[in-house]
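**Student:** Shown below is the structure under consideration.
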Amino acid sequence: MKTVLRVEQLSGGYSPKRAIIHDLDFEIKAGEMIGLIGVNGAGKSTTIKHILGLMTPHQGSIRINEKTLNDDVEQYRSGYTYVPETPILFEELTVEEHLRLTAMAYGVPEQQYLQQSEQLLERFHMVKKRKALTAHLSKGMKQKVMIMSALLAKPSLFIIDEPFLGLDPLAIRSLLQELMEVKQNGSAILMSSHILSTIEHYCDRFIMLDQGRIVAQGALEDMLEHANRQGHSVAHL
Ligand code: ATP
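The opening residue of the sequence shown carries number 594 in the numbering used here; numbering runs sequentially from there.
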C-alpha cells in the first residue's frame, strides 16, 4: 500500500529554544487507521499541528504523498483534511447547506457534490437530518457533519483530533464504524485520543507519545506491554 504520511526525525515546539516533540518517526499507509495516543500534554496536538503545516519543525521532515510543504504547498495541503476536537460549524445553515458550502470551498464540481453528499448522508445515517439547522444537532451529529464535510474533499489523509470528547458510547461506536468505512475506501486516518479503550478495537496500529517522544509503536498488545512495563494502567491513557 502507498505511504500517505511519512514523518522523519521530527522535533519541534512553540519556541526555537524548547522542543515539545522529539525525534518522531512514523508512517501511515493508505487504508490504515492509526491511533495517536497519550495522556493530556503528551504532545498529540503539537504533532498534529506540525503535520497540518501550522508549525515549523526544528528539525526533521513531514511528507504527505511524498511532498513536503516546501516542495509544493498546494499539493501538500490538498492531501489532508482535518477535523478539530470541537466541531466548528456555520450554525445558521442546514446540514445540506453546510455540505454544499464546504464543497464549494473545496472546489468540488456540482455533479460530484450531489452524488457524494447523497452517499455521505446515507452512510452517516443523516438523511432525515438534511434540512435540520446544524445549531439544533447533538454534539455527535455535529461531529458527523464535520467529518462528512471533510470527506467531500476526498482526502488521502484524514486527521481527527480527539473526536469522542463529550459523546455518549453509542455515538462513539457509530462514528467509529463510519470511520472504518472511510478507511476501507482507501483514506489513511490519523486519530488522536487519550482514551485507548475507546479506539482499541478499531485502529490497525497505535503510536504512543509520552512527554513528546514515541514510547511505543505497533499493535494493541505492544501498548499494553509498554503500559505494564511502566506499571501504568492503560485506563489512565
Ligand atoms: P491534550 O490531550 O491535553 O490536548 P496533547 O497530548 O495534545 O494533550 P499538547 O497539547 O501537544 O498535548 O501539549 C504538549 C505540551 O505542549 C504541553 O506541555 C503543553 O503545555 C505545551 N503547549 C501546548 N500548546 C502550547 C502553546 N500554544 N504554547 C506553548 N506551549 C504549549
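Yeah, the Cβ is synthetic: ideal placement off N, Cα and C, and Gly gets one too.
State the start and end residues of the unbroken beta strand (DSSP E) segment that holds M784.
**Tutor:** Start and end: 781–786.
**Student:** Can you tell me the Cα-Cα spacing of P609 and G653, whole angstroms?
**Tutor:** Using only the alpha carbons, I get a separation of about 14 Å.
**Student:** Is the distance from the Cβ of F751 to the Cβ of I782 below 7 Å?
**Tutor:** Their beta carbons are under 7 Å apart, which means F751 touches I782 by this criterion.
**Student:** DSSP three-state call for K595: helix, strand or coil?
**Tutor:** Looking at K595 - three-state DSSP - the assignment turns out to be coil, as it is neither helix nor strand.
**Student:** So, under 8 Å CB-CB, C796 and I644 are touching, yes? Tell me the CB distance rounded to an integer number of Å.
**Tutor:** Contact doesn't hold; Cβ gap of about 17 Å is too wide.
**Student:** Out of curiosity, what's the CA-to-CA distance linking L769 and F757?
**Tutor:** Going from the Cα of L769 to the Cα of F757 covers about 9 Å.
**Student:** Counting beta carbon pairs with one atom in the stretch 724–735 and one in the stretch 772–790, are three or more of them shorter than 8 Å?
**Tutor:** No, because fewer than three Cβ pairs between the stretch 772–790 and the stretch 724–735 fall closer than 8 Å, the two stretches do not touch.
**Student:** Whose beta carbon lies closer than 6 Å to any heavy atom of the ligand ATP, going through the chain in order?
**Tutor:** The answer, residue by residue, is Y607, I613, G631, N633, G634, A635, G636, K637, S638, T639, H787.
**Student:** Is the beta carbon of A764 sitting closer than 7 Å to the one on G733?
**Tutor:** Yes, these two residues count as a Cβ contact at 7 Å.
**Student:** Which same chain residues end up closer than 7 Å to L886 when comparing Cβ atoms and leaving out the 5 residues on each side of it in sequence?
**Tutor:** Absent from the structure is residue 886, since the part of the chain shown begins at 594 and ends at 830.
**Student:** How many angstroms separate the CA atom of G634 from the CA atom of G805?
**Tutor:** Approximately 8 Å, taken between the alpha carbons.
**Student:** Below 8 Å CB to CB, which residues in the same chain sit around Q708 once its five sequence neighbours on both sides are set aside?
**Tutor:** Excluding sequence neighbours, Q708 sits near nothing in its chain.
**Student:** So, is T649 buried or exposed, given that buried needs 16 or more other C-beta atoms within 10 angstroms?
**Tutor:** T649 should be labelled exposed.
**Student:** Which partner residues does S608 have in the DSSP bridge list?
**Tutor:** Its beta-bridge partners are R611.
**Student:** Flag this pair as touching only if the stretch 807–815 and the stretch 607–625 have three or more C-beta atom pairs under 8 Å; answer yes or no.
**Tutor:** As far as the Cβ criterion goes, the stretch 807–815 touches the stretch 607–625, which means the pair count is three or higher.
**Student:** Considering just the uninterrupted stretch of the beta strand (DSSP E) at I655, what are its terminal residues?
**Tutor:** Its beta strand (DSSP E) spans residues 652–657.
**Student:** Is R656 closer than 7 Å to R599 when the C-beta atoms are compared?
**Tutor:** Going by C-beta atoms, R599 is nearer than 7 Å to R656.
**Student:** Would V676 and M739 be called neighbours here (beta carbons separated by less than 7 Å)?
**Tutor:** Against a cut-off of 7 Å, the Cβ pair of M739 and V676 comes out as a contact.
**Student:** With a floor of 3 residues, list each beta strand (DSSP E) that falls wholly inside the stretch 704–767, ordered by position along the chain.
**Tutor:** If we require 3 residues or more, the beta strand (DSSP E) runs fully inside the stretch 704–767 come out as 750–754.
**Student:** Of the residues L744, F717, S785, G606, which one's Cα is nearest the Cα of G779?
**Tutor:** When each option's Cα is compared against that of G779, the closest is L744.
**Student:** Measure the Cβ-Cβ separation of E771 and F717 and say whether it is below 7 Å.
**Tutor:** Yes, these two residues count as a Cβ contact at 7 Å.
**Student:** Note down, in chain order, each residue of its chain lying with its Cβ closer than 6 Å to the Cβ of E625, except the 5 sequence neighbours on either side.
**Tutor:** Here the set comprises A781, D797.
**Student:** Using 7 Å as the threshold, is the C-beta distance between S786 and I630 below it?
**Tutor:** Yes, Cβ-Cβ distance for S786 and I630 is below 7 Å.
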